[in-house]
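Each residue of the sequence shown is one higher than the one before, starting from 391 at the first, in the numbering used here.
Each remark here refers to the structure printed beneath this line.
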Amino acid sequence: ISAIDREGVGRLLSGDLKKARILLNKALDRDPKRVDTLIALANLAGQEGNSAESLDLLKKASEIDPKSLEVLFKTAAIQEETGNYDDAMASYQELIAREKDNRKALRSLRDLYIKDSRWQEALDIQRQVLKAGPGSNRVADEKSLLLYLRYEVARQAISDGTPENAKSDLKDILRQEPDFPPAQ
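So, in C-alpha coordinates, the structure goes:
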(Lines of atoms letter the chains of each structure in order from A and count residues from 1; the text may use other names and numbers.)
(Lines give C-alpha, C1' and ligand atoms only; values in the text may rest on other atoms or scores of the structure.)
Protein backbone atom coordinates (compact mmCIF):
# COMPACT_ATOMS: atom_id res chain seq x y z
CA ILE A 1 0.00 0.00 0.00
CA SER A 2 2.84 2.35 0.86
CA ALA A 3 4.53 1.66 -2.46
CA ILE A 4 1.32 2.38 -4.37
CA ASP A 5 0.81 5.54 -2.33
CA ARG A 6 4.39 6.73 -2.98
CA GLU A 7 4.04 6.07 -6.70
CA GLY A 8 0.73 7.98 -6.71
CA VAL A 9 2.33 10.93 -4.94
CA GLY A 10 5.22 10.78 -7.42
CA ARG A 11 2.76 10.92 -10.32
CA LEU A 12 0.99 13.81 -8.62
CA LEU A 13 4.25 15.72 -8.28
CA SER A 14 5.16 15.03 -11.90
CA GLY A 15 1.80 16.36 -13.09
CA ASP A 16 0.25 13.07 -14.23
CA LEU A 17 -3.00 13.70 -12.38
CA LYS A 18 -4.99 10.93 -14.05
CA LYS A 19 -2.50 8.17 -13.15
CA ALA A 20 -2.01 9.73 -9.69
CA ARG A 21 -5.74 9.55 -9.00
CA ILE A 22 -5.87 5.89 -10.06
CA LEU A 23 -2.94 4.94 -7.83
CA LEU A 24 -4.05 6.98 -4.82
CA ASN A 25 -7.60 5.62 -5.03
CA LYS A 26 -6.14 2.11 -5.26
CA ALA A 27 -4.10 2.72 -2.09
CA LEU A 28 -7.15 4.20 -0.37
CA ASP A 29 -9.33 1.24 -1.38
CA ARG A 30 -6.86 -1.10 0.30
CA ASP A 31 -6.57 1.06 3.44
CA PRO A 32 -9.36 3.65 3.79
CA LYS A 33 -7.81 5.06 6.96
CA ARG A 34 -4.58 6.32 5.35
CA VAL A 35 -4.50 10.01 6.21
CA ASP A 36 -1.50 10.73 3.97
CA THR A 37 -3.34 9.25 0.97
CA LEU A 38 -6.42 11.37 1.72
CA ILE A 39 -4.19 14.44 1.92
CA ALA A 40 -2.56 13.55 -1.41
CA LEU A 41 -6.00 13.09 -3.01
CA ALA A 42 -7.06 16.45 -1.54
CA ASN A 43 -3.98 18.05 -3.13
CA LEU A 44 -4.86 16.40 -6.43
CA ALA A 45 -8.44 17.69 -6.24
CA GLY A 46 -7.07 21.14 -5.48
CA GLN A 47 -4.82 21.02 -8.53
CA GLU A 48 -7.84 20.08 -10.59
CA GLY A 49 -9.68 23.10 -9.20
CA ASN A 50 -12.17 21.05 -7.21
CA SER A 51 -11.99 22.68 -3.77
CA ALA A 52 -15.24 21.09 -2.56
CA GLU A 53 -13.84 17.58 -3.13
CA SER A 54 -10.58 18.65 -1.55
CA LEU A 55 -12.34 19.89 1.59
CA ASP A 56 -14.43 16.69 1.78
CA LEU A 57 -11.28 14.55 1.64
CA LEU A 58 -9.61 16.69 4.31
CA LYS A 59 -12.70 16.36 6.49
CA LYS A 60 -12.43 12.56 6.23
CA ALA A 61 -8.73 12.79 7.11
CA SER A 62 -9.57 14.97 10.10
CA GLU A 63 -12.12 12.43 11.33
CA ILE A 64 -9.46 9.72 11.17
CA ASP A 65 -6.72 11.84 12.76
CA PRO A 66 -8.30 14.81 14.55
CA LYS A 67 -4.91 15.95 15.92
CA SER A 68 -3.27 16.36 12.50
CA LEU A 69 -1.90 19.87 12.09
CA GLU A 70 -1.17 19.17 8.41
CA VAL A 71 -4.84 18.49 7.72
CA LEU A 72 -5.87 21.69 9.48
CA PHE A 73 -3.27 23.76 7.62
CA LYS A 74 -4.37 22.38 4.26
CA THR A 75 -8.03 22.93 5.15
CA ALA A 76 -7.36 26.55 6.14
CA ALA A 77 -5.32 27.16 2.99
CA ILE A 78 -8.10 25.88 0.74
CA GLN A 79 -10.71 27.87 2.63
CA GLU A 80 -8.56 30.96 2.19
CA GLU A 81 -8.00 30.28 -1.53
CA THR A 82 -11.73 29.97 -2.10
CA GLY A 83 -12.42 33.24 -0.27
CA ASN A 84 -14.06 31.57 2.71
CA TYR A 85 -12.13 33.77 5.15
CA ASP A 86 -14.32 33.20 8.21
CA ASP A 87 -13.83 29.44 8.04
CA ALA A 88 -10.12 29.90 7.34
CA MET A 89 -9.83 32.15 10.40
CA ALA A 90 -11.61 29.51 12.48
CA SER A 91 -9.21 26.83 11.23
CA TYR A 92 -6.17 28.97 12.03
CA GLN A 93 -7.62 29.76 15.47
CA GLU A 94 -8.02 26.04 16.07
CA LEU A 95 -4.39 25.50 15.06
CA ILE A 96 -3.29 28.21 17.47
CA ALA A 97 -5.43 26.70 20.23
CA ARG A 98 -3.56 23.43 19.74
CA GLU A 99 -0.14 25.02 19.37
CA LYS A 100 -0.09 28.62 20.64
CA ASP A 101 3.34 29.49 19.26
CA ASN A 102 2.78 28.15 15.74
CA ARG A 103 4.27 31.05 13.78
CA LYS A 104 2.85 29.98 10.42
CA ALA A 105 -0.70 29.82 11.79
CA LEU A 106 -0.23 33.11 13.65
CA ARG A 107 1.04 34.90 10.54
CA SER A 108 -1.71 33.45 8.36
CA LEU A 109 -4.42 34.49 10.80
CA ARG A 110 -2.86 37.96 11.15
CA ASP A 111 -2.80 38.35 7.36
CA LEU A 112 -6.48 37.41 7.13
CA TYR A 113 -7.34 39.96 9.81
CA ILE A 114 -5.40 42.59 7.84
CA LYS A 115 -7.28 41.70 4.63
CA ASP A 116 -10.52 42.12 6.56
CA SER A 117 -9.37 45.43 8.16
CA ARG A 118 -9.71 43.93 11.62
CA TRP A 119 -6.81 45.97 12.94
CA GLN A 120 -7.07 45.29 16.67
CA GLU A 121 -7.20 41.53 16.15
CA ALA A 122 -4.29 41.74 13.72
CA LEU A 123 -2.31 43.76 16.27
CA ASP A 124 -3.03 41.23 19.02
CA ILE A 125 -1.88 38.37 16.81
CA GLN A 126 1.21 40.33 15.72
CA ARG A 127 2.21 40.67 19.36
CA GLN A 128 1.91 36.88 19.66
CA VAL A 129 4.10 36.47 16.55
CA LEU A 130 6.81 38.60 18.14
CA LYS A 131 6.46 36.77 21.44
CA ALA A 132 6.79 33.41 19.66
CA GLY A 133 10.08 34.57 18.14
CA PRO A 134 9.72 35.44 14.46
CA GLY A 135 13.12 34.15 13.44
CA SER A 136 16.27 36.23 13.22
CA ASN A 137 15.82 37.18 9.57
CA ARG A 138 12.27 38.49 10.14
CA VAL A 139 12.54 40.46 13.39
CA ALA A 140 12.88 43.88 11.76
CA ASP A 141 9.99 43.24 9.36
CA GLU A 142 7.75 41.94 12.13
CA LYS A 143 8.51 44.94 14.35
CA SER A 144 7.83 47.28 11.45
CA LEU A 145 4.50 45.58 10.86
CA LEU A 146 3.70 45.98 14.56
CA LEU A 147 4.13 49.76 14.22
CA TYR A 148 1.96 49.79 11.11
CA LEU A 149 -0.79 47.85 12.89
CA ARG A 150 -0.60 50.13 15.93
CA TYR A 151 -0.99 53.07 13.55
CA GLU A 152 -4.02 51.45 11.90
CA VAL A 153 -5.66 50.84 15.30
CA ALA A 154 -5.05 54.51 16.18
CA ARG A 155 -6.39 55.65 12.81
CA GLN A 156 -9.48 53.53 13.34
CA ALA A 157 -9.96 55.05 16.80
CA ILE A 158 -9.91 58.51 15.20
CA SER A 159 -12.49 57.37 12.63
CA ASP A 160 -14.63 55.91 15.42
CA GLY A 161 -14.65 59.23 17.28
CA THR A 162 -12.19 58.46 20.09
CA PRO A 163 -9.15 60.55 19.12
CA GLU A 164 -7.90 60.87 22.72
CA ASN A 165 -6.89 57.19 22.72
CA ALA A 166 -5.25 57.53 19.32
CA LYS A 167 -3.20 60.60 20.23
CA SER A 168 -1.24 58.85 22.99
CA ASP A 169 -0.69 55.80 20.78
CA LEU A 170 0.59 57.94 17.91
CA LYS A 171 2.95 59.80 20.24
CA ASP A 172 4.26 56.48 21.54
CA ILE A 173 4.79 55.24 17.98
CA LEU A 174 6.78 58.40 17.18
CA ARG A 175 8.89 57.96 20.33
CA GLN A 176 9.79 54.45 19.15
CA GLU A 177 10.20 55.35 15.48
CA PRO A 178 10.60 59.10 14.89
CA ASP A 179 10.74 58.63 11.12
CA PHE A 180 7.37 56.83 10.86
CA PRO A 181 5.59 59.19 8.41
CA PRO A 182 1.99 57.98 8.89
CA ALA A 183 2.10 58.64 12.64
CA GLN A 184 3.45 62.14 12.05
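Ideal Cβ placement from N, Cα and C applies to all residues, glycine included.
Just to confirm my understanding: we take glutamine 483, look at its own chain, exclude 5 residues before and 5 after, and list those with CB closer than 7 Å. What are they?
Leu499
Leucine 462 to aspartate 406, Cα distance in whole Å?
26 Å
Glutamate 470 and alanine 478 look like a contact to me (Cβ under 8 Å); what is the Cβ gap, rounded to whole Å?
4 Å
Do arginine 424 and alanine 432 have their beta-carbon atoms positioned less than 8 Å apart in this structure?
no
Quick one: what's got a C-beta closer than 6 Å to aspartate 421's C-beta in the same chain, skipping five residues either side?
Ile391
Please report the straight-line C-alpha distance between glycine 525 and lysine 457, rounded to a whole angstrom.
26 Å
When the Cβ atoms of the region 525-534 are set against those of the region 548-561, are three or more pairs found closer than 8 Å?
no
Can you tell me whether glutamine 516 is buried or exposed, with buried defined as 16 or more other CB within 10 angstroms of its CB?
buried
Reducing DSSP to helix, strand and coil, say where alanine 547 ends up.
helix
Hey, is aspartate 477's beta-carbon within less than 8 Å of any beta-carbon in chain D?
Within the model displayed, chain D is absent; a lone protein chain is all it includes.
Nearest residue (CA-CA) to glycine 473, options Asn555, Ser441, Glu453, Gln566
Ser441
Residues in its own chain within less than 8 Å of tyrosine 475 by CB, not counting five upstream and five downstream?
Gln469, Leu502, Lys505, Asp506
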